[in-house]
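The opening residue of the sequence shown carries number 11 in the working numbering; numbering runs sequentially from there. Idealized CB from N, CA, C, for every residue including glycine. On a predicted model such as this, the values are computed, not experimentally measured, just so you know. Working notes, structure below.
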Amino acid sequence: MMRFELQARFALSDDISELSSQFESFIAAMNDSILKKDAEKFAFIERFSIEKTTLSLFIISEGTLRPHNTLLQIKNALSKELGKTHRIGVRDITITTYRIFFDLPLKPLKQISIPFADLIIHDTQATMLLSDVSEEFLRKNYIDRMMNRVKEKVESQYYEGKAEFWKLIWKSEEKPTVWDKDPTEEMERLGWLKQGPTKGKWFYRPEATVILKTMETIAIQEVLSPLGFQEVIESHIKPFDIWLKTGHMEGMPYEFYYVTEPRTRDAKDWERFIDLTKITKEVPVEELKKNLSVPTAGLCYAQCPMIYWSFKGKTIAEKSLPVLIYDKTAISARYESGGRHGIERVDEFHRIEPVYIGTREQLLRLRDELLKRYKHVFNDIFDLEWQMAWVTPWYLQQAGKIGDEGSQDTGTIDFEAYMPYRGTRKESEWLEFQNLSVLGDKYITAFNIKAQKSKLWSGCSGIGLQRWAAVFLAQKGLNPKQWPEGFKKYLENLPPGIRFL
Ligand code: ATP
Ligand code: ZN
Ligand code: MG
């Protein structure tokens, strides 16, 4: 059941106290015309009152026509009626109260609140009470989004604690492992890596660097180049409007690193800041705050959003389909907080992200080809013990559609590897070291990307170089002599590095 009760006040240019009886018929006529479209789609004015220059209406609806969507029509009809007979105009409309009753899919487990309204919930019956609502607020469709958000918040209480949807697709055989140490700790001990200088960041000395660079070379030479992927370079700084379109802004605002610009580039405005810095030899944080703008962008979280943005509003020529491109320049930054560990869960990582845009058939074929090439890398070059599983992409999780197995045309495949230092194969958590998604037309629609004739889909794959390295080293150790032959073809000896006294 849905019911809307709206109390609106129309301010008029003159006193209408005398016109009370005329309004009876005017309102009856309105109830019969503009408000009553058909049996499902109707609202009606239940009562009205007049006080000098104010006309108050109480409009209710249990149909699909929302009272707030009728206000403009009522205003026009009213202007016409009063203007013609009495030369009285309608100045403005205020919604004094708006009460909305609607059903929830489930009974909330915890209390729920929503901005702009008081929310009362009994069982699965929600009441949203708004007061002093502006016309603009109604016009911008906030009401419907508020109702959806309340329902979404209830649903998310149910899947919060549940395990993510996960279904094994393929698993390699067990592989002998050479050790059970945490490679990050060992690399630090050997001086290949240095932690810091800030949280979740690393300084990679020559030995660690050459390993990451080798991972990059292998990904490009064994996977991307043979399939015809072309390289692009994107900006590292992502404005919020891109993340608004992809859904990242509402999806993970707590994981971004935000970017601020100086308020001015004028050295004069920074004089006090400079003085304080010179005198105290510390950063005057309070003074700094005054000189910074509010962030309007963040550091790269994933590369695909900006790649889609680069195609915004474009029509792609059929002969360029499928579009196969990748970025390996933008560095991903994520505030991982308590989850940080070694080089496998860091706040700053290097990723290659291939993005593909094409027809459904092209992308499903490409997925097969990518899988074949990835398998070749992980089996023949790295000789890994690993597996692939279908998982719920985060944007479906958002929507609460957990475990939706329907079709596997779209969705995400996670690649996971056994990490001997974490414990037994059965009991320890395997590490996701990359993923591969086909996402249907979600981003194509969001960025209004078109082809001459074809209907487009898109997808991406996140190749995390730190994760590739962590997985390989955890299974194969740090001694190049023990590395698999396939890998030795790419890296046989480590650079001498730097010795410290
Ligand atoms: P997780 O569940 O491990 O946090 P995610 O779902 O956030 O991963 P995606 O956003 O799907 O990861 O990113 C794709 C790839 O990026 C991952 O498979 C991994 O290779 C890499 N990646 C993501 N987060 C990190 C991180 N904090 N440190 C290193 N690599 C990462
Ligand atoms: Zn992506
Ligand atoms: Mg994550």
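Shortest gap from the CB of GLU363 to any heavy atom of ligand 2: under 8 Å.
Nearest in C-alpha terms to MET429, of all of GLY206, ARG477, GLU265, is ARG477. Beta-carbon to beta-carbon, MET11 and ASP102 are separated by about 32 Å, too far to satisfy the 8 Å threshold. Taking a cut-off of 8 Å for Cβ pairs, the stretch 71-82 and the stretch 22-35 do not touch, as fewer than three such pairs fall below it.
The continuous alpha helix (DSSP H) containing THR290 extends over residues 281-290. Taking ALA312 as the centre and dropping the five residues before and after it, the same chain places the C-beta of SER342, GLU363, GLY472 closer than 7 Å to its C-beta, in chain order. Taking 8 Å as the cut-off, one finds no heavy atom of ligand 3 near enough to the beta carbon of ARG477. In terms of Cβ geometry, PHE20 and ALA53 do not form a close pair [threshold 9 Å].
At a threshold of 8 Å, VAL356 counts as near ligand 1, since its beta carbon sits closer than that to one of the ligand's heavy atoms. The criterion of a C-beta distance shorter than 9 Å is not satisfied by SER144 and THR106. Nearest Cα to ILE122 within the set LEU148, ASP142, LYS163, LEU381: LYS163. ASN158 counts as exposed, since fewer than 16 other C-beta atoms from the protein chains shown sit within 10 angstroms of its C-beta. If you check the CB distance, MET197 and LEU483 come in under 9 Å. Annotation note: the stretch 285-368 contains the following uninterrupted beta strand (DSSP E) runs of length 3 or greater, listed N- to C-terminal: 307-309, 333-337, 341-343, 358-368. Proximity to ligand 2 was defined by a C-beta distance below 5 Å to any of its heavy atoms, and the residues meeting it, in sequence along the chain, are ALA312, CYS314, CYS470. Secondary structure in the stretch 189-226: the beta strand (DSSP E) runs of 3 residues or longer, each lying completely within the stretch, are 203-205, 212-214 in chain order.
Between LYS191 and GLY487, the CB-CB gap stays under 9 Å. Inter-residue distance for ALA480 and THR194 is about 8 Å (C-alpha atoms, whole angstroms). Per the Cβ contact rule, the stretch 331-341 is in contact with the stretch 352-370 (3 or more Cβ pairs under 8 Å). For the pair GLY238 and ASP424, the Cα-to-Cα distance works out to about 23 Å. Between GLY421 and TYR264, the alpha-carbon positions lie close to 24 Å from each other. Cα atoms of LYS209 and LEU309: separation of roughly 15 Å, rounded to the nearest angstrom.
With a threshold of 16 other beta carbon atoms within 10 Å, LEU200 falls short and is exposed. Between ALA427 and GLN485, the gap from beta carbon to beta carbon is short of 9 Å. Residue burial annotation: ARG509 is exposed, with fewer than 16 other C-beta atoms found within 10 angstroms of its C-beta. In its chain, beyond the 5 residues on either side, ARG370, LEU374, VAL448, GLY450 have a beta carbon closer than 8 Å to the beta carbon of ASP419. Taking a contact to require three or more Cβ pairs closer than 8 Å, the stretch 346-360 and the stretch 208-226 qualify as touching. CA-to-CA, the gap between ASP285 and VAL295 works out to about 13 Å. Between MET316 and LYS248, the C-beta gap is smaller than 9 Å, which places the two residues in contact. LEU139 and ARG109 do touch by the CB rule: their CB atoms are close to 5 Å apart, below 8 Å. At least 9 Å separates the beta-carbon of THR74 from that of PHE111. Assigned with DSSP and collapsed to three states, HIS386 falls in helix. For VAL401 and SER303, the gap between their C-alpha atoms comes out near 39 Å.
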